[in-house]
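Working notes, beginning with the structure itself.
There are 2 protein chains.
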Amino acid sequence: MSELLQQPVIKEIPPKGDDLSAWYTAVCIKAELVSYSPVRGCVVLRPYGYALWENLQKHLDARFKETGHENAYFPLLIPESLLTKEAQHVEGFAPEVAWVTHGGQEELTERLAIRPTSEVIIGTMYAQWVQSHRDLPILINQWCNVLRWEKATRPFLRTMEFLWQEGHTAHASAQEAREETLRMLDVYQDFAEHVAAVPVYAGVKSASERFPGAVETYSIEALMPDGKALQSATSHDLGQNFSRAYDITFTDTHNEIEYAYTTSWGMSWRMLGAVIMTHGDDRGLRLPPKLAPLEAVFVPIVKGGDDRALAAAKDLAARLRREGMRVKVDDRDESPGYRYSDWEMRGVPVRIEIGPRDVDAGTVVLVRRDKRKGEDGAKITVGHAVLGSVLREVLDQVEASLFEQATHFLREHTFVVTDRAEFFEKCRNRAGMIDAAWCGQPECEALVKAETGATTRNTRPLDGDELTCVACGEPATVRAYFAQSY
Amino acid sequence: MSELLQQPVIKEIPPKGDDLSAWYTAVCIKAELVSYSPVRGCVVLRPYGYALWENLQKHLDARFKETGHENAYFPLLIPESLLTKEAQHVEGFAPEVAWVTHGGQEELTERLAIRPTSEVIIGTMYAQWVQSHRDLPILINQWCNVLRWEKATRPFLRTMEFLWQEGHTAHASAQEAREETLRMLDVYQDFAEHVAAVPVYAGVKSASERFPGAVETYSIEALMPDGKALQSATSHDLGQNFSRAYDITFTDTHNEIEYAYTTSWGMSWRMLGAVIMTHGDDRGLRLPPKLAPLEAVFVPIVKGGDDRALAAAKDLAARLRREGMRVKVDDRDESPGYRYSDWEMRGVPVRIEIGPRDVDAGTVVLVRRDKRKGEDGAKITVGHAVLGSVLREVLDQVEASLFEQATHFLREHTFVVTDRAEFFEKCRNRAGMIDAAWCGQPECEALVKAETGATTRNTRPLDGDELTCVACGEPATVRAYFAQSY
Chain A
155 MSELLQQPVI
165 KEIPPKGDDL
175 SAWYTAVCIK
185 AELVSYSPVR
195 GCVVLRPYGY
205 ALWENLQKHL
215 DARFKETGHE
225 NAYFPLLIPE
235 SLLTKEAQHV
245 EGFAPEVAWV
255 THGGQEELTE
265 RLAIRPTSEV
275 IIGTMYAQWV
285 QSHRDLPILI
295 NQWCNVLRWE
305 KATRPFLRTM
315 EFLWQEGHTA
325 HASAQEAREE
335 TLRMLDVYQD
345 FAEHVAAVPV
355 YAGVKSASER
365 FPGAVETYSI
375 EALMPDGKAL
385 QSATSHDLGQ
395 NFSRAYDITF
405 TDTHNEIEYA
415 YTTSWGMSWR
425 MLGAVIMTHG
435 DDRGLRLPPK
445 LAPLEAVFVP
455 IVKGGDDRAL
465 AAAKDLAARL
475 RREGMRVKVD
485 DRDESPGYRY
495 SDWEMRGVPV
505 RIEIGPRDVD
515 AGTVVLVRRD
525 KRKGEDGAKI
535 TVGHAVLGSV
545 LREVLDQVEA
555 SLFEQATHFL
565 REHTFVVTDR
575 AEFFEKCRNR
585 AGMIDAAWCG
595 QPECEALVKA
605 ETGATTRNTR
615 PLDGDELTCV
625 ACGEPATVRA
635 YFAQSY
Chain B
155 MSELLQQPVI
165 KEIPPKGDDL
175 SAWYTAVCIK
185 AELVSYSPVR
195 GCVVLRPYGY
205 ALWENLQKHL
215 DARFKETGHE
225 NAYFPLLIPE
235 SLLTKEAQHV
245 EGFAPEVAWV
255 THGGQEELTE
265 RLAIRPTSEV
275 IIGTMYAQWV
285 QSHRDLPILI
295 NQWCNVLRWE
305 KATRPFLRTM
315 EFLWQEGHTA
325 HASAQEAREE
335 TLRMLDVYQD
345 FAEHVAAVPV
355 YAGVKSASER
365 FPGAVETYSI
375 EALMPDGKAL
385 QSATSHDLGQ
395 NFSRAYDITF
405 TDTHNEIEYA
415 YTTSWGMSWR
425 MLGAVIMTHG
435 DDRGLRLPPK
445 LAPLEAVFVP
455 IVKGGDDRAL
465 AAAKDLAARL
475 RREGMRVKVD
485 DRDESPGYRY
495 SDWEMRGVPV
505 RIEIGPRDVD
515 AGTVVLVRRD
525 KRKGEDGAKI
535 TVGHAVLGSV
545 LREVLDQVEA
555 SLFEQATHFL
565 REHTFVVTDR
575 AEFFEKCRNR
585 AGMIDAAWCG
595 QPECEALVKA
605 ETGATTRNTR
615 PLDGDELTCV
625 ACGEPATVRA
635 YFAQSY
C-alpha cells in the first residue's frame, strides 16, 4: 500500500485514435493535471488540474445559488448503525465503504464509515431541523470529498477518493421533489453543454441502474470517442424512502404529521474526465475556455537581444488581467516551437504570438487551439488596442466550435436501431449511443448486458408510438440509449 | 456514538459577560451557524455558518493567489508507514489519528490514517516532483477537511473534524523558506485585522509550543473577552526536517544534490470562533461586513394593507444586488420588533427599515449593528438614490468601529509586567495578554503553566534591552505574551 507507485514517465503522447486509454493517462500526467499517489486508488489533483476543478465549481455553484440553494458542510464519518437504516442504500454501498475502527490508541465500540455519499448523515440532521411545513423546502448543497473502496485507478474516472458536490433537498410534496429533481438535471445539462462544451443525453435510469434507495434516478450521459458512454451527473427523486428511514417528518397545513419528500443530486470530478476525452486531440488537451485555467498564453519572441516583445506581452497581459481575463506570459528561455507545443499540449484555448515585427506593427497573432494547423481562421492578426474585445470573441468561437465538433460526433454516433441483429452487433462493437425501443424489463437488460456489455444509459417516453422491444420483441414501454459505459 | 446528541434548545441567549461559554454555545446554535451531529466530536456547519466560511475562503484565497500560490488536492488517507518517517511529527500526531483498518469486506494489510495535517503526503509528492532547482519554489495551498481525535466538542474551537487550509511550500534555500514563513504570517495578520476585524499579536512560538517537526513556528494570537488567548493561525519553517524524512532533494546551481527547505501554514474555521467571541454582544452576533453572509437586511413594514414598503424594499434590494452587494428582504409575516431582534441576533451589520412614510419621503433608515441602541450615529436616514454608496460607506464604518472596539479591548487587557508576584497573579486570573521579559527555558514555562495555567502565546526579540525573566530571574532572551488559552 505505502510503496510509491512508479509515476509513469511520459515522453510522447500516443495518438488518441490508437489507444484512447493510453492517450488519456499520458495527457493527464504530462499536462500535470494529476499525479499518482502512494495511496492505493487515490490521485493527487495538481494545481493545473485543480484550477479546472475551481472553474467547474465557480460555474456550477453560481447555478446552484441562482436556483435557491445554499452550501453547508456535514461530517465525514457516519456511525454504522445510522448507515444501515435504509436497507437498499446500505446494500448498495456497504461493499464500497472504508471503516474507521480506531481513534488514537482507543478501539471504537462502533465502526465509523467514511462517507461514500451523505444521504444518511444529512437525512439525520434534516429530521432535527424540520418540524413544520414552514421549515420546507430545505435546499442545501455540499462540496466535499467522498470515498468508495475501489481497486482500479483511472484519473477522474475511477478513484477511491474523489471530489464532488452533493445536493440534498427536502420538500412538502412529491410533486415539488420531482420538480427539484428535474430542475437540477437541467442545471447539469446546461453546465455540461454551455460550460464544459460536452453535449449529453438526459433521461431516466432503468430500475437496475437506479441509485440505491431512490424512487427514480435521472442522468446526463456523454459519449466518449471510443463509443463508450460516460455518466456525467445524476439527480435522484428519493420519495419518502429516506425520510421514513431517518424520520424526517413535518406538520402539514392541515396539522397532520407527514414524511417529507427528499432529493439528492451530484456531479464529481468525473466530469473533467469527460472534458479531457471529448475535446482532446493528438497534440494533447483542448480545454473549453470557461473551464481552462488559462484562457490565453503569450509567447513572446526575443531575437538577438531585442526583448521589446517580452515587454509588450507583459503590458498587454496586465491589461487583460485588469479586465478579468486569465492570461499568462511564457517568458521561459526555450524556443518558440517548444513553448508552442507545450501550451498546445496543456490545451490553452488561444496562444498569443508576439515578436519584434509585431511590436513594430502594433499587432499580435492569435492562434486557436480548436483548429487544425493551417485551417481557415486558425491564426488571426489583431491590433493591440482591440486585443481584449477580439480575444473574448475568439474565446466564444472556440467554445462554440468545441461544442459543435462534439455534437457532430455524438450525432454521427447515435444510431436509431429497430433490427435485433443490428442492435446486438452495434452494442457489442461500441458503435456509440444505440437509440432503441425497449420493454423496460430488468431480465431483458441483463441479457443484453451479458451478450454485449452494453446497458441502458437512460430512457425517455415513447411519445405514444406502439413499438416492440428491440431486444426481446415484447411491447416497448420506453425509448432507451444503450451503450457500453465507463 | 450513534445516539443523537440532544440538540440544545436555545430560548434566550444568556448575557455574554456572565458566562462566555454558555453565551458562545447559545449564539452558535440560535444563529444557526452549527448543529451538533450524531457523530461524536463533529458539528454540522449550517448554511449561515458556511457562508461565513465561504467569505473567509474568498478573502484568504485571493491573498494566497496574490502571493503566488496555487491550490491543489492531496489524498485524505495516509499509509501508516509513511506517517512514521518523521519521528517528532508522528509522536506529536499519533495520539490524535483516526485509523481506517477495513475497506469493504477486506481487512487492510496496512492501516491508513485520516490526515490530521498533510505534511507527510505532500512531502512524499514533492519528492517526486522536485529534481532541479528549476522546479523550486513549489507554492501550493490546499482547502480541505482534517481529523484529530478529540473528546470535547466546542463549535469551531475544538472539533474532531474541521475545515481548514494548509499551505505547503518547498524552496532552494533556508532564507527563502524563512521569508515565505514570515510572508504568510503577515497574510494571516492582515486577514485577521482587515477582514475579520480581529486584532492579533504576531510572534514566534516557544520550543514547547512548536509544531511537531518544525524548526520554528510563528503564530497570530487574539484575545478573547474572558482573558484567554486564541491561536488564530500558525506558520511553520520546517527547515530540512521533512525533506530529509521524505527525501525531497534537488540539484542546485553547482550541480550538487541538496535537501529542499519546506514550510507549512494553516488557518482553520477556528478563526470564526475568534470572530464570534470578539465581536458578539448580549443581543447575539455582530459580524464584520466582509465576512457577513448578508451585509444588510431590509425589514419593510406593511401597515393596514399598504404594502408599498415591501415593493420598494424589493426594488432597492435588486438594485444593490446588481451592484454586487449581499442583501435580503425579510418579508416574513412577523412583527417589526421580532424581525429586528432576529437579524440583530444573527449579526447582520446593517438593518434597513422602510415603512409607508419612508416610501412617501423616498428614504430608508439604516441601523448599525455595531452601535448600542440610541447611540450617536446608530440610525441614519438615507435617500433611495444614494443608498448604495452610503451603505458601502456605513459598512466601512462598521468594520472600522468593530476593529477599534476590539483593539481597545486588547490594549486595555495587555499588561507589561516586571514584578514576579503581579505576573503570577495576572496569569492566574486571566487578566489578558501578559507582556513580560522571559528566559526562554522550557522548565520555566512549564512552571508558570503548572502554577497558573498560562503559557507563552508567542515571543519577540528584546530589542537589545538587558532584562531578567519575570518568572525565574535568569537573564531574559525574549519578550513573550503569556496567557491562558483556548
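Taken in order, these protein sequences are the chains called A and B. Take 155 as the starting number for the first sequence in our numbering and just add one per residue. Take 155 as the starting number for the second sequence in our numbering and just add one per residue. Glycine included, C-beta positions come from ideal geometry on N, C-alpha and C.
The shortest C-alpha to C-alpha distance from E261/B to any of P270/A, W207/A, G257/A and E250/A is the one to E250/A.
For R200/A, the residues of chain B that pass the 8 angstroms Cβ criterion are A226, in the order they occur in the chain. Put simply, the CB of R265/A is near chain B, with a gap under 9 angstroms to one of its CB atoms. Only residues of its own chain outside the window of five on either side were considered, and among them T371 have a CB closer than 6 angstroms to the CB of R364/B, listed in chain order. Ranked by Cα distance from A446/A, the options P229/A, H567/A, R500/A and C581/A are led by R500/A.
Annotation note: the stretch 174-228 of chain A contains the following uninterrupted alpha helix (DSSP H) runs of length 4 or greater, listed N- to C-terminal: 174-184 and 201-220. Residues of the stretch 325-338 of chain A with a Cβ closer than 8 angstroms to any Cβ of chain B: none.
For A590/B, DSSP records a beta bridge to A634/B.
At least 9 angstroms separates the beta-carbon of V521/B from that of R511/B.
At least 9 angstroms separates the CB of P442/A from every CB of chain B.
Ranked by how close their Cα comes to the Cα of S175/A, the residues L556/A, G381/A and Y202/A have G381/A in first place.
At least one beta carbon of chain B lies nearer than 9 angstroms to the beta carbon of N299/A.
For the pair Y640/B and M378/B, the CB atoms are nearer than the 9 angstroms cut-off. With contacts defined by Cβ atoms closer than 9 angstroms, T631/B and W592/B form a contacting pair. Within 8 angstroms of the CB of P366/A, no CB atom of chain B is found; the nearest one sits about 15 angstroms away. Any Cβ of chain B closer than 9 angstroms to the Cβ of M279/A would place that residue at the interface, and such an atom is present.
Listed along chain B, the residues sitting closer than 7 angstroms to T255/A by beta-carbon distance are W253, T255 and H256. When C-beta atoms of the stretch 280-288 of chain A are compared with those of the stretch 232-244 of chain A, fewer than three pairs fall below 8 angstroms, so the two segments do not count as touching. Per DSSP, the continuous alpha helix (DSSP H) segment holding I276/A begins and ends at E273 to W283. For E186/A, the closest of V502/A, G203/A and V193/A by C-alpha to C-alpha distance is G203/A. Short of 6 angstroms from the beta carbon of G246/B, and not among the five residues preceding or following it, lie these beta carbons of its own chain, in chain order: P366.
Judged by beta-carbon spacing, Y494/A lies within the 9 angstroms limit of V453/A, meaning their Cβ atoms are closer than that value.
Interface criterion met: the Cβ of W207/B is under 9 angstroms from a Cβ in chain A.
For V453/A, the enclosing beta strand (DSSP E) begins and ends at A450 to P454.
Residues are counted here when their Cβ sits less than 7 angstroms from a Cβ of chain B; for the stretch 305-326 of chain A these are E315 and L317, given in chain order. Classified as exposed, I411/A has fewer than 16 neighbouring CB atoms from the shown chains inside 10 Å of its CB. Contact between V354/A and E375/A holds, since their C-beta atoms are separated by about 6 angstroms, short of 8 angstroms.
Inclusion of E599/A and S360/A in the CB contact set at 9 angstroms is warranted, their separation being smaller than that value.
Around the Cβ of P442/B, a 10 Å sphere holds 16 or more other Cβ atoms; the residue is buried. Annotation for G542/A: R473, L474, E477 and M479 place their beta carbon closer than 8 angstroms to its own, counting only its chain and skipping 5 residues before and after.
A buried status is given to P291/B, since no fewer than 16 other beta-carbon atoms sit within 10 Å of its beta-carbon.
Classified as buried, K580/A has 16 or more neighbouring CB atoms from the shown chains inside 10 Å of its CB.
Closest by C-alpha distance to V300/A, out of A383/A, S422/A, V254/A and N409/A, is S422/A.
When Cβ-Cβ separations below 9 angstroms define contact, C196/B makes contact with chain A. At least one CB of chain A lies nearer than 9 angstroms to the CB of Q259/B. The beta carbons of G420/A and E320/A sit about 5 angstroms from each other, so the pair counts as a contact at 8 angstroms.
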